[in-house]
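Written below as structure tokens is the structure these notes are about.
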Amino acid sequence: MTAKVFLKPRKAKPLWWGAAWVYEGSIDRIRGGGRLTCGDLVEVCDHEGRRIGQGFWNPQSLIRVRMVTRGEESFDEAFLRRRMRRAFSLRRTLFPRGADTDAYRLVHAEGDGLPGLVADRVGDWIVVSFDDEGLVRWREVVLDELESVWKPRGIWRRVSRSARERGEGAELEGLLRGRAPESPVGCREEGVRFLVDPVAGQKTGFFSDQRLNRRVAESVAAGRDVLDAFSYVGGFGLRCLVRGNARQVTAVDSSAPALELAATAAAQGGVREKFIVEKANVLRYLDHAAKAQRTWGLVLLDPPKLVPRRGALRKGLKLYQEINRKGIAVVEPGGYLGTSSCSGLVDTATFKQTVQAAAFEVGRELQLLHVGGQSPDHPALAGQPESRYLDFLLYRVF
Ligand code: SAH
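Heads up: the sequence shown runs through residues 419 to 816, numbered per the working numbering.
Here it is as structure tokens:
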């Protein structure tokens, strides 16, 4: 018999509305099921015992249960296969055969109703990470689905930072199916070639959530000097050069291996002479640039997640403001700023306000031209607002 998790009065509403997470503090009592272990399937009920659905139990996380089914539906192998096919059909629509993009997300965890499971296609390989013990138990089914539908040359596993914090070791990383990825792996995004390292790179190797925002950045890049700050493997910068006809791109990042991949991809794409890489701390780089009165016609800011927890909100927002203030200061008058936040806990309104405060500090005027978010292969769960985690704002700066 599966255990029943009863919620406190009034704590059920977000879940009825489609939220995916049950926090420790929302749980009233647990009945039946014997001793629960991490990854066990439980039934989630409201205070009166009405079944909301099923989820996976995790005693180590504040998110005690991650929902997987709703209502009377029950989780089993057939359900999992249907869920995976549902996720795949979205990607088949977004990227039909012959598409000029082969770097995208096949499964976006809760956004696809598959708790903690991320699967990214990177060229001919698939990189997976399991951030919840529940689906780890169903690993072979998950891999069978990925393999039979997408026919990758290999499937490689990464262990996410949150899984490491739960004590899962790096020794779990490695080859699950087929052949190990080449180092580096080549992939294409809207016709532009990139080099990524799924084995040693960040996350699963490439940030495909910015795809549509890179397209927006390209649209104002022609003839301009572009600063791609926090460039990683050059996602924004290379697209601005190759498709956007930028005059020149300066890519700044603290990661030497990422810059090396960016530079090699630029060389292979025949644009190396217009692509400058600078290994530096972006904040310090911007200070130096301001002192030297160096400006750019398009400045792109894409820092890592600065608000990972609710408790880090104030500090993170201060940092967003500082980065944006320094970024705005080096935009030439009439130039453009494309600024990103990948912190789900910072909503769009708050991020806009932070950028506006930054502009005020340096006495610049902003026109808001475009509001973007994560690309649709990273679907957000409408019932859980913070799952829309990425913001990209394009401004003109005077
Ligand atoms: N814009 C990239 C993704 C950026 S991910 C793309 O489109 O793919 C964030 C990047 O910021 C990482 O590459 C990381 O190495 C870099 N980074 C983090 N802190 C930094 C700092 N203080 N200065 C420079 N780079 C930093």
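Just so it is clear, CB atoms sit at the ideal spot from N, CA and C, and this is done for glycine as well.
Reduced DSSP secondary structure (H/G/I, E/B, other) of L786: strand
Any contact between the stretch 730–740 and the stretch 762–779? By contact I mean 3 or more CB pairs, one from each, below 8 angstroms. yes
Under the three-state DSSP convention, the category Q774 falls into: helix
Mind the definition here: the stretch 616–624 touches the stretch 544–562 only if three or more C-beta pairs lie below 8 angstroms; say whether that holds. yes
Assuming the contact rule is C-beta atoms closer than 8 angstroms, R712 and V748 should be a hit. Round their C-beta distance to whole Å, please. 6 angstroms
Span of the alpha helix (DSSP H) holding S580? 579–583
Spatial neighbours of A777 within its chain, please: C-beta separation below 6 angstroms, excluding the five flanking residues on both sides. I746, L784
Taking only runs of the alpha helix (DSSP H) that begin and end inside the stretch 695–755, which ones reach a length of at least 4 residues, in chain order? 700–709, 731–747
Unbroken stretches of the beta strand (DSSP E), 3 residues or longer, contained in the stretch 496–548: 521–526, 535–540, 543–548
Candidates E591, R611, C658, V486: which alpha carbon is nearest L553's? V486
Check whether the Cβ atoms of I573 and R557 lie closer than 7 angstroms to each other. no
On the criterion of 16 or more Cβ atoms from any shown chain inside 10 Å, does K744 qualify as buried, or is it exposed? buried
8 angstroms contact criterion, which R642 and G715 should meet: CB distance rounded: 3 angstroms
Pick from P477, A775, D538: whose alpha carbon is nearest that of F506? D538
In the DSSP output, what is A676 paired with across the bridge? Beta-bridge pairing links A676 to no other residue.
Just confirm the distance between the C-beta atoms of R510 and Y522, as a whole number of angstroms; I'd bet it's less than 8 angstroms. With 8 angstroms as the limit, R510 and Y522 do not qualify as a contact, their Cβ atoms being about 11 angstroms apart.
Cβ neighbour criterion (16 or more within 10 Å) applied to D518: exposed
Any heavy atom of the ligand SAH closer than 6 angstroms to the Cβ of A676? yes
When you compare only the Cα positions, how much space is there between F819 and E528? As shown, the chain starts at 419 and ends at 816. That puts residue 819 outside it, with no answer to give.
So is V789 buried or exposed if we call it buried at 16+ other beta carbons inside 10 Å? exposed
Let me make sure I understand the geometry here. Which of Q628, D464, E589 has the alpha-carbon closest to that of G795? For clarity, residue 795 is Asp in the given sequence; the question names Gly instead. It is Q628.
Backbone CA spacing between V567 and R503 [nearest angstrom]: 9 angstroms
Please state whether the Cβ-Cβ distance between Q375 and A438 is less than 7 angstroms. Since the displayed the chain opens at 419 and closes at 816, residue 375 lies outside it and no answer follows.
If you follow the alpha helix (DSSP H) that W833 is in, where does it begin and where does it stop? Absent from the structure is residue 833, since the part of the chain shown begins at 419 and ends at 816.
List the residues that DSSP assigns as beta-bridge partners of R447. F424
beta-carbon N742 near the ligand SAH non-hydrogen atom, thresh 6 angstroms: no
In terms of residues, what are the limits of the alpha helix (DSSP H) holding V440? Careful: V440 lies outside any alpha helix (DSSP H), inside the beta strand (DSSP E) at 439–441.
Using a threshold of 6 angstroms, is the CB atom of G791 nearer than that to any non-hydrogen atom of the ligand SAH? no
Please report the residue range of the beta strand (DSSP E) in which C658 lies. Not the beta strand (DSSP E): C658 falls in the alpha helix (DSSP H), residues 653–660.
Over the uninterrupted beta strand (DSSP E) stretch that includes A669, give me the two end residues. 666–671
Given 6 angstroms as the limit, tell me if F810 has its C-beta closer than that to any heavy atom belonging to the ligand SAH. no
Need the endpoints of the beta strand (DSSP E) that A647 sits in, please. 643–647
Inter-residue CB distance, A680 and V660 (contact presumed, cutoff 8 angstroms): Between V660 and A680 the Cβ distance is about 12 angstroms, and since that is not below 8 angstroms, they are no contact.
Report buried or exposed for T757, applying the criterion of at least 16 other Cβ atoms within 10 angstroms of its Cβ. buried
Please say whether D671 and S637 have beta carbons closer to each other than 7 angstroms? no
Can you say whether T367 is buried or exposed, counting buried as having 16 or more other CB atoms within 10 angstroms of its CB? Because the chain in this structure spans residues 419 to 816, residue 367 falls outside the shown range and cannot be described.
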